[in-house]
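A.B. asks: Here it is, the structure in full.
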Amino acid sequence: MKKTTLILLLVSFIFVPYVMASGGQEETATVSDWTKDPITMKIEGSGWILKKFPIQEAADRFMQDHPNVTIEVSSNQDDTLNSYMLNWAVGDADVDLAFGGAASQVAKLAAKNLLMPWNDFYSGDFDAKNFLTHSVETAKKGGDYFAIPFMEEAMSLQVNRGLMAEAGLVNSDGTPMYPANLDEMADFAGKMTKGSGEVKDIYGFSWNLTNFGDQQMMCAVNALGGKVYNDDGSPNLEAPEYLDIFNFIAKVNLEGWATKGTISDTNAGRSGLKAGTVAMIFEAASRAIEAKATLGDDAMMIPFPGMEKNGTFIFAHYAYVPRTSKVQEAVKAFMREQVFTADFAAPAAEQYGKLPSYIPLYSGLSSDFEQIKKWMALPGTIGDMSWVEGSKLNALFYELEQLVATGGITPEEAVERLATEGGSYNLSIVE
Amino acid sequence: MRSLGQSKKIRDNIDGWLFVLPAFLFLFSFMIYPIAHTFLLSFQKFNFVYDSNPVFIGLSNYVKVLKTPLFITALKNTLRFTLWYIPSVFILGFMIGYVITLPNFVGSRISKIVLFIPMVIPLSMSAYMFLFMVNPQWGLLNSFLADTLHMPMLVRDWMNDTRYALKIILVVTIWQNIGFVALMFMSGIQGISSSILEAATIDGASAYRKMWSVILPNLKETFQIVGILTIVTSVKLFSQVVTMTGALGPNSAGGPANSTLTLYVATWKSAFVNYDMGIGSAMGYLMSLIIFLLFGINFFVTKSERA
Amino acid sequence: MKTKRSFWHYAGEILILLLLLIFLIPLIQTFFTALKPDQEIYKTPINIIPHTYTSAHYRHVFTKLSKDFLSFFRNSVVVTSSSVVLILGLGSLAAFSLARIDFTGKTVVVFFVSLILSVPLIITVIPIFMMETAMGIKNSNLGLILPYTAVYLPVPLFIMFNNFLQVPTELEESAYIDGAGRYQIFLKIFIPLIKGGLVAAGIISFINCWGEFLYALILNTKRSATTLPIGIMMINDEEQAWALGPMSAVMILSIIIPMSLYMIFQKNFIKGLMEGSVKG
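Residue numbers (our numbering), protein chains in the order written: chain A, 1 to 431; chain B, 1 to 307; chain C, 1 to 280.
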């Protein structure tokens with residue numbers, strides 16, 4: 001008798017989790033009138049976004065205008081949106097508005113149909129044509145806009161003109177020389193490197209090995225005149241330019257002219273630029289603007305070889321809302337009233353070089369942005385796409401870059417792996 | 001008389017199980033059941049985010065895993081680490097344990113206390129402390145090499161270098177566990193009956209001879225236990241790796257170009273970064289297989305022909 | 001027989017003390033870095049002992065980082081203490097039974113318990129993740145307490161088991177004769193006698209739970225219930241990786257509790273370990 005009760009106990013204990021798994025469904029009713037009913041809006045952003053954009057101030061102003069709304073701002077765990085994926089995919093989304101994520105990362109949330117469409121947002125003052133078209137259209141799936149761009153970046157080289165001058169790499173009028181091709185750029189890197197031993201005093205170059213994966217690669221291919229995308233929008237991973245790029249990465253890193261610090265600290269490049277220990281980096285153009293804080297006018301952005309002719313690569317960071325959010329109308333109001341305003345965008349732009357996606361906001365910015373705007377207007381300029389397994393491609397780029405930079409594989413092997421492994425991923429555009 | 005004995009037996013059973021039941025229930029639901037479920041999962045195709053139901057696919061997960069270059073790299077790294085770790089920890093641990101149990105050794109108490117401190121610090125925090133120390137610009141290590149020893153050519157970008165990252169992790173793991181290993185050797189040595197030792201001294205054996213012929217042979221059991229523990233520690237390389245190389249989020253864990261990618265980290269990545277539970281489970285089981293193989297080797301090597 | 005203290009003897013001891021100090025360098029360095037002003041931290045050559053002391057980093061932790069750090073700290077405390085209580089409670093009951101009661105299926109239990117010791121946790125993680133998601137207890141303190149209790153049960157159990165074995169049977173028998181029930185014997189006789197073992201088991205469980213990494217990483221996809229080991233990684237991320245000063249302060253604060261426990265109880269702890277490990 002006791003034995004049977006024991007067995008029954010054990011058995012039921014095992015089945016309890018299964019029973020609870022078929023637990024209740026979440027009611028998805030939205031709040032009836034957000035302007036009057038007390039509601040809470042949870043906003044999350046990557047750490048760096050919270051630092052550079054005055055989101056808390058915007059939230060405070062919104063709360064003053066709408067006393068029934070409470071906004072909680074916090075930072076989210078990781079930039080790859082991995083945790084969002086894991087949580088939202090099982091219906092557990094306690095965020096109402098999320099800031100941060102490039103197209104290839106947000107795409108995976110869209111692929112699983114987890115995001116609220118913004119179609120009805122693009123009207124009136126905020127009609128789609130008032131935004132940078134490419135960024136708007138990239139975030140589209142089956143006719144629905146699943147995310148809205150709030151910030152733009154363009155890729156370029158950022159340099160410390162003072163260090164270039166010391167190495168004799170400036171023109172007679174003091175402007176920095178632009179490297180005409182990859183070999184010349186490697187040469188520059190070598191000339192600007194100072195110090196002996198394995199850890200140099202000044203590094204000539206930094207190729208970010210843990211950030212901007214597809215963005216920097218495809219920018220480079222495009223600048224060198226190569227074909228970046230196939231007709232269906234998927235990346236052309238067999239472009240011959242990739243070999244030249246990997247060769248460059250190998251050369252500057254193995255010769256000791258580039259720092260590999262970005263492997264463990266993704267900000268090593270820009271921190272080095274600001275500190276005067278790295279002369280030239282290949283990252284988002286905004287790095288040059290933020291480096292003005294320490295380098296003054298010596299912080300400049302110059303084109304990647306070929307960029308003046310073939311254009312640059314621009315990408316946006318997006319804001320998005322989980323479908324299960326109950327305060328979607330309030331979120332849209334917040335975006336209209338606070339986010340796409342000069343108060344929100346100007347500080348980020350002036351101090352950190354983050355460009356707005358909403359075109360009317362450009363009129364208030366200083367002339368530092370003439371350079372970027374010129375490049376952005378070039379016909380050959382491209383942007384990124386939202387591929388279903390875009391984050392896998394990024395991870396592959398980082399792995400190959402690191403292997404090539406540390407001498408683990410040859411550039412030829414890297415190119416081959418890129419074509420085969422990259423080719424096996426689902427890189428069709430999110431439909 | 002007989003019925004009394006019977007009822008005592010029954011009462012014993014009831015009491016026995018009752019006392020054990022709560023603990024056993026926990027163990028069952030959170031350890032034994034998951035182990036079995038993972039076994040099942042390893043034969044299924046199941047992507048947590050993209051698939052709604054697991055699909056049975058037999059051994060193909062295992063086959064796929066064995067062919068993945070990532071797994072091979074992880075396997076090589078883990079085995080390489082084990083090959084370095086186990087001899088180092090054995091030799092160091094034994095030496096320290098032996099010295100402390102020497103009759104004239106005065107600092108035994110404080111040595112034990114100090115040696116044990118790393119064990120009470122969680123591994124991930126020890127890893128952090130070492131991470132700061134090996135920072136190329138501001139870490140103690142490079143500064144010591146360059147300025148104190150005046151040997152700047154030895155300065156390196158440790159954690160970003162494929163040649164050294166794993167070795168740094170080796171040092172951290174040794175630092176963490178040496179106390180425990182030394183302790184085990186200490187208790188093993190102290191367990192050797194003193195009469196044997198005295199007999200050896202009377203026979204005129206030198207300290208050196210004593211160590212080789214008397215102490216070591218009697219430590220076979222200790223070797224076995226230490227072997228098991230060190231095998232588990234070295235294959236279980238996870239928190240150190242993620243702490244020291246995973247600063248940029250899950251994708252970067254595994255060190256410069258996967259040089260610190262261990263089986264554990266690779267399994268975790270498959271399951272929680274790629275969301276592929278089937279592959280992750282298969283990898284986990286392959287890893288356990290390897291552990292058991294190592295256990296087997298350990299058993300045979302330390303098997304003593306009981307004199 | 002008095003041993004003559006030779007010069008070599010003293011030299012050897014000094015060497016040992018030096019080696020021990022070197023052994024502790026990572027800890028010492030972290031401790032002092034937390035008290036050094038930034039200029040000293042970042043200038044080379046690095047010196048261990050600061051020239052001036054500052055409390056700026058600790059203040060930084062308690063002001064700017066306080067929301068996060070205190071939440072992580074609180075979570076760790078809650079999870080760890082609850083797990084330890086559960087482990088000691090359930091473990092002592094089970095250990096008593098295994099040591100003193102002869103019941104059918106005993107070997108099965110012992111077998112399973114030992115099996116768990118050698119299995120890498122990664123094998124259990126996936127189903128627990130799915131199970132807890134379904135049960136809705138992911139991202140909660142309870143979600144960690146439950147698996148921790150299971151995972152860290154075996155070692156303390158064995159320690160207490162060994163301790164129980166050493167209690168002389170006469171005490172037990174005389175209590176039976178006096179008519180005491182099993183549970184009373186357990187509570188009133190055995191428990192008080194193995195205080196040392198309980199302490200050792202408790203401290204071991206505490207340290208294990210406090211620093212547990214894998215489950216804490218996987219079962220926490222949001223910040224709300226994250227514990228210290230993972231939380232430190234997150235703070236590191238945001239503070240721009242090389243903010244050595246505040247990070248050192250965070251580290252020291254995180255290990256204060258386990259270290260103090262160790263210092264207070266170290267005699268017990270070491271003794272309990274040595275006894276528990278001679279199980280073979």
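Here a beta-carbon is modelled for each residue, glycine too, at the ideal position from N, C-alpha and C.
Answer yes or no: does any C-beta atom of chain C fall closer than 9 Å to that of B:Phe-223?
C.D. replies: One-based indexing of the second sequence puts residue 223 of chain B at position 223. For B:Phe-223, the answer is no, since every Cβ of chain C falls outside 9 Å of its Cβ.
A.B. asks: When you compare only the Cα positions, how much space is there between C:Lys-188 and C:Thr-52?
C.D. replies: To locate residue 188 of chain C, count along the third sequence from 1; it is residue 188. To locate residue 52 of chain C, count along the third sequence from 1; it is residue 52. If I take the Cα positions, the gap works out to 55 Å.
A.B. asks: Assign B:Leu-151 to buried or exposed, taking buried as 16 or more other Cβ atoms, counted over all protein chains shown, within 10 Å of its Cβ.
C.D. replies: Stepping through the second sequence from its first residue, residue 151 of chain B is reached at position 151. At residue 151 of chain B the sequence reads Met, which differs from the Leu that was named. That one is exposed.
A.B. asks: Out of A:Phe-146, A:Phe-150, A:Lys-112 and A:Ala-419, which has the shortest C-alpha to C-alpha gap to A:Ala-449?
C.D. replies: Look at the range of chain A in this structure, 1 to 431, and you will see that residue 449 of chain A is not part of it.
A.B. asks: Counting only C-beta atoms, is C:Ile-159 closer than 9 Å to chain B at any point?
C.D. replies: Translated into the one-based positions of the third sequence, residue 159 of chain C becomes position 159. No, because no Cβ of chain B sits closer than 9 Å to the Cβ of C:Ile-159.
A.B. asks: For B:Ala-36 and C:Val-151, I'd like the C-alpha separation in whole angstroms.
C.D. replies: Within the second sequence, the letter at position 36 stands for residue 36 of chain B. Within the third sequence, the letter at position 151 stands for residue 151 of chain C. B:Ala-36 and C:Val-151: Cα-Cα distance of roughly 15 Å.
A.B. asks: Indicate the three-state DSSP secondary structure (helix, strand or coil) for A:Leu-378 in the structure shown.
C.D. replies: The residue labelled residue 378 of chain A in the question sits at position 378 within the first sequence. In the structure shown, A:Leu-378 sits in coil (DSSP, three-state: anything other than H, G, I, E or B).
A.B. asks: Spell out a yes or no on whether the region 405-416 of chain A and the region 4-13 of chain B are touching, meaning 3 or more CB-CB pairs, one atom from each, closer than 8 Å.
C.D. replies: no
A.B. asks: Excluding five sequence neighbours on each side, which residues of the same chain lie with their C-beta closer than 7 Å to the C-beta of A:Ala-440?
C.D. replies: Given that chain A is displayed from residue 1 to residue 431, the structure contains no residue 440 of chain A and the question cannot be resolved.
A.B. asks: If we define contact as Cβ-Cβ less than 9 Å, is C:Ile-122 a contact residue for chain B?
C.D. replies: As a first step, residue 122 of chain C is located in the third sequence; it is residue number 122 there, counting from the start. For C:Ile-122, the answer is yes, since a Cβ of chain B falls inside 9 Å of its Cβ.
A.B. asks: In chain B, what lies closer than 7 Å to C:Phe-103 by C-beta?
C.D. replies: Walking along the third sequence from the start, residue 103 of chain C turns up at place 103. Against chain B, the beta carbon of C:Phe-103 has neighbours under 7 Å at Asp-12, Asn-13, Gly-16 and Trp-17, listed in chain order.
A.B. asks: Quick one: which chain B residues come within Cβ less than 8 Å of A:Glu-399?
C.D. replies: Start at 1 with the first residue of the first sequence, and residue 399 of chain A comes out as number 399. Result: Ala-257 and Asn-258.
A.B. asks: Just to confirm, is the Cβ distance from B:Val-20 to C:Leu-93 under 9 Å?
C.D. replies: Indexing the second sequence from 1 puts residue 20 of chain B at position 20. Indexing the third sequence from 1 puts residue 93 of chain C at position 93. For B:Val-20 and C:Leu-93, yes; Cβs fall inside 9 Å.
A.B. asks: Do you know offhand how far A:Ile-7's Cα is from C:Val-109's?
C.D. replies: Counting from 1 along the first sequence, the entry for residue 7 of chain A is found at position 7. Counting from 1 along the third sequence, the entry for residue 109 of chain C is found at position 109. Bear in mind that a pLDDT of 46 at A:Ile-7, under 50, signals an unreliable position, so the number given afterwards is only what the model happens to contain. A:Ile-7 and C:Val-109: Cα-Cα distance of roughly 15 Å.
A.B. asks: Name the residues in the region 87-112 of chain A whose C-beta lies less than 7 Å from a C-beta of chain B; which are they?
C.D. replies: Ala-89 and Lys-112
A.B. asks: By a C-beta neighbour count over all protein chains shown, 10 Å radius and 16 as the cutoff for buried, is C:Phe-7 buried or exposed?
C.D. replies: On the third sequence, position 7 is the one that residue 7 of chain C refers to. C:Phe-7 comes out exposed.
A.B. asks: Tell me whether the beta-carbon of C:Ile-123 lies closer than 9 Å to the beta-carbon of B:Ser-281.
C.D. replies: Taking the third sequence and counting its residues from 1, one reaches residue 123 of chain C at position 123. Taking the second sequence and counting its residues from 1, one reaches residue 281 of chain B at position 281. Their beta carbons are under 9 Å apart, which means C:Ile-123 touches B:Ser-281 by this criterion.
A.B. asks: Determine the chain C residues that contact A:Ser-83 at a beta-carbon separation under 8 Å, and present them in chain order.
C.D. replies: Counting from one through the first sequence, the residue named residue 83 of chain A turns up at place 83. Going along chain C in sequence order, the residues near A:Ser-83 (Cβ under 8 Å) are Thr-221 and Lys-222.
A.B. asks: So within the region 176-222 of chain C, which uninterrupted alpha helix (DSSP H) runs reach at least 4 residues, ignoring any that extend past its ends?
C.D. replies: 195-210 and 214-218
A.B. asks: Alpha carbon to alpha carbon, what distance is there between A:His-66 and A:Ala-29?
C.D. replies: Walking along the first sequence from the start, residue 29 of chain A turns up at place 29. Walking along the first sequence from the start, residue 66 of chain A turns up at place 66. In this predicted model, A:Ala-29 has a pLDDT of only 48, less than 50, meaning its place in the structure is not dependable; the value taken from the coordinates is given anyway. Straight-line Cα distance between these residues: approximately 22 Å.
A.B. asks: Would A:Ala-285 pass as a contact of A:Gly-204 if the rule is Cβ separation under 9 Å?
C.D. replies: Position 285 of the first sequence, counted from the first residue, corresponds to residue 285 of chain A. Position 204 of the first sequence, counted from the first residue, corresponds to residue 204 of chain A. A:Gly-204 sits away from A:Ala-285, with the two beta carbons spaced by 9 Å or more.
A.B. asks: Report buried or exposed for C:Pro-26, applying the criterion of at least 16 other Cβ atoms within 10 angstroms of its Cβ.
C.D. replies: Counting from one through the third sequence, the residue named residue 26 of chain C turns up at place 26. Label assigned to C:Pro-26: buried.
A.B. asks: Could you tell me if B:Leu-83 is buried or exposed, where buried requires 16 or more neighbouring beta carbons within 10 angstroms of its beta carbon?
C.D. replies: Taking the second sequence and counting its residues from 1, the one referred to as residue 83 of chain B is at position 83. Counting Cβ neighbours within 10 Å, B:Leu-83 comes out exposed, since fewer than 16 surround it.
A.B. asks: Please compile the residues from chain B whose C-beta is within a distance smaller than 8 Å of the C-beta of C:Ala-150.
C.D. replies: Stepping through the third sequence from its first residue, residue 150 of chain C is reached at position 150. In chain order: Phe-26, Leu-27, Ser-29, Phe-30 and Met-31.
A.B. asks: Could you tell me whether any Cβ in chain A is nearer than 9 Å to the Cβ of C:Lys-43?
C.D. replies: Start at 1 with the first residue of the third sequence, and residue 43 of chain C comes out as number 43. No, no contact with chain A.
A.B. asks: If you follow the alpha helix (DSSP H) that C:Leu-154 is in, where does it begin and where does it stop?
C.D. replies: Locating residue 154 of chain C in the third sequence gives position 154, where the first residue counts as 1. The sequence given here has Pro at residue 154 of chain C, not Leu. First-last of the alpha helix (DSSP H) with C:Pro-154: 154-165.
A.B. asks: State yes or no: is the beta carbon of B:Gly-139 nearer than 9 Å to at least one beta carbon in chain C?
C.D. replies: Counting from one through the second sequence, the residue named residue 139 of chain B turns up at place 139. Yes, B:Gly-139 counts as interfacial toward chain C.
A.B. asks: Where does A:His-134 fall in DSSP's three states?
C.D. replies: Counted from its first residue, the first sequence places residue 134 of chain A at position 134. Per DSSP, reduced to three states, the secondary structure at A:His-134 is helical.
A.B. asks: Taking the C-alpha atoms as reference points, what is the distance between B:Thr-302 and B:Phe-295?
C.D. replies: Counted from its first residue, the second sequence places residue 302 of chain B at position 302. Counted from its first residue, the second sequence places residue 295 of chain B at position 295. So the two alpha carbons sit approximately 11 Å from each other.
A.B. asks: What residues in the region 109-134 of chain C have a beta carbon less than 7 Å from any beta carbon of chain A?
C.D. replies: Met-131, Thr-133 and Ala-134
A.B. asks: Nearest-angstrom Cα distance between A:Tyr-398 and A:Asn-211?
C.D. replies: Translated into the one-based positions of the first sequence, residue 398 of chain A becomes position 398. Translated into the one-based positions of the first sequence, residue 211 of chain A becomes position 211. A:Tyr-398 and A:Asn-211: Cα-Cα distance of roughly 8 Å.
A.B. asks: So, C:Gln-29 versus B:Phe-116, is the Cβ gap smaller than 9 Å?
C.D. replies: Position 29 of the third sequence, counted from the first residue, corresponds to residue 29 of chain C. Position 116 of the second sequence, counted from the first residue, corresponds to residue 116 of chain B. No, the pair does not count as a contact, with Cβ atoms beyond the cut-off.
A.B. asks: Select from the region 271-291 of chain A all residues with a C-beta closer than 9 Å to any C-beta belonging to chain B, and list them in chain order.
C.D. replies: Within the region 271-291 of chain A, the residues whose Cβ lies closer than 9 Å to some Cβ of chain B are Thr-277, listed in chain order.
A.B. asks: State buried or exposed for B:Met-153, treating a residue as buried only when at least 16 other CB atoms are found within 10 Å of its CB.
C.D. replies: Position 153 of the second sequence, counted from the start, is the residue given in the question as residue 153 of chain B. With fewer than 16 other Cβ atoms within 10 Å, it is exposed.
A.B. asks: How about C:Met-135 and B:Pro-34: are their beta carbons less than 9 Å apart?
C.D. replies: Here residue 135 of chain C refers to the residue found at position 135 of the third sequence. Here residue 34 of chain B refers to the residue found at position 34 of the second sequence. 9 Å or more divides the Cβ of C:Met-135 from the Cβ of B:Pro-34.
A.B. asks: I'd like the list of long-range same chain contacts for C:Phe-161, defined as Cβ closer than 7 Å, with 5 residues on each side in sequence excluded.
C.D. replies: In the third sequence, the residue the question calls residue 161 of chain C occupies position 161. Hits under 7 Å: Ala-95, Leu-98 and Ala-99.
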